[in-house]
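Below is one structure, written out as structure tokens, with a few remarks after it.
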Amino acid sequence: MFKKVVVGGTFNKIHKGHDDLLKTTFNVGEYVYIGLTSDKFANLFRAEKVLVYKKRKDNLKKKISALNLHSNYEILKIDDMYGIATLEECLNAIVVSEETLPRAQEINAIRFKKRLKRMTIVVVPFVLKNNYPVSSGLM
53 MFKKVVVGGT
63 FNKIHKGHDD
73 LLKTTFNVGE
83 YVYIGLTSDK
93 FANLFRAEKV
103 LVYKKRKDNL
113 KKKISALNLH
123 SNYEILKIDD
133 MYGIATLEEC
143 LNAIVVSEET
153 LPRAQEINAI
163 RFKKRLKRMT
173 IVVVPFVLKN
183 NYPVSSGLM
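Convert by adding 52 to the 1-based position in the sequence shown; the result is the number in my numbering.
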């Protein structure tokens, strides 16, 4: 168990892969920071329409409650790929999917350059449906 854990994403259409990501994050972290992409940032790289930030945040809170996860968390608006992950010394771990593992490694490299302690990277395996990874972009 880690004291402070970070996870991030757009959480546009919450699916089974998100469920597993959230469950793992809350299981390994006493306190969880969730970086939720701003509307502006979310729409930079996505082909599909992204729900507005408030709706995604509300849906995320409802999902956390429905999964009966602990209430020691904060949802933070992020405007870049890193959020607080490259800024806060207090973070102990980052939870990512296999798809976003390279981003976590990049974040740790930035932390190292800034003389911040590297975070432990916890990787959640892909959830497969019909032999393909479940992804919001494919829904």
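Just so it is clear, CB atoms sit at the ideal spot from N, CA and C, and this is done for glycine as well.
Pair within 8 Å by beta-carbon distance, residue i and residue j
{"i": "V148", "j": "I173", "result": "yes"}
{"i": "E82", "j": "K115", "result": "no"}
{"i": "L121", "j": "E141", "result": "no"}
{"i": "T77", "j": "V84", "result": "yes"}
{"i": "G87", "j": "V58", "result": "yes"}
Inter-residue spacing [alpha-carbon to alpha-carbon] between residue i and residue j
{"i": "H70", "j": "A161", "result": "25 Å"}
{"i": "Y105", "j": "S123", "result": "20 Å"}
{"i": "K101", "j": "R108", "result": "12 Å"}
Endpoints, the alpha helix (DSSP H) within which residue i is located
{"i": "E158", "result": "153-165"}
{"i": "V80", "result": "68-80"}
Reduced DSSP category for residue i - H, G, I as helix; E, B as strand; rest coil
{"i": "T62", "result": "coil"}
{"i": "Y134", "result": "coil"}
{"i": "L112", "result": "helix"}
{"i": "F97", "result": "coil"}
Residue i burial status per 10 Å Cβ neighbour count (16 or more: buried)
{"i": "F97", "result": "exposed"}
{"i": "L73", "result": "buried"}
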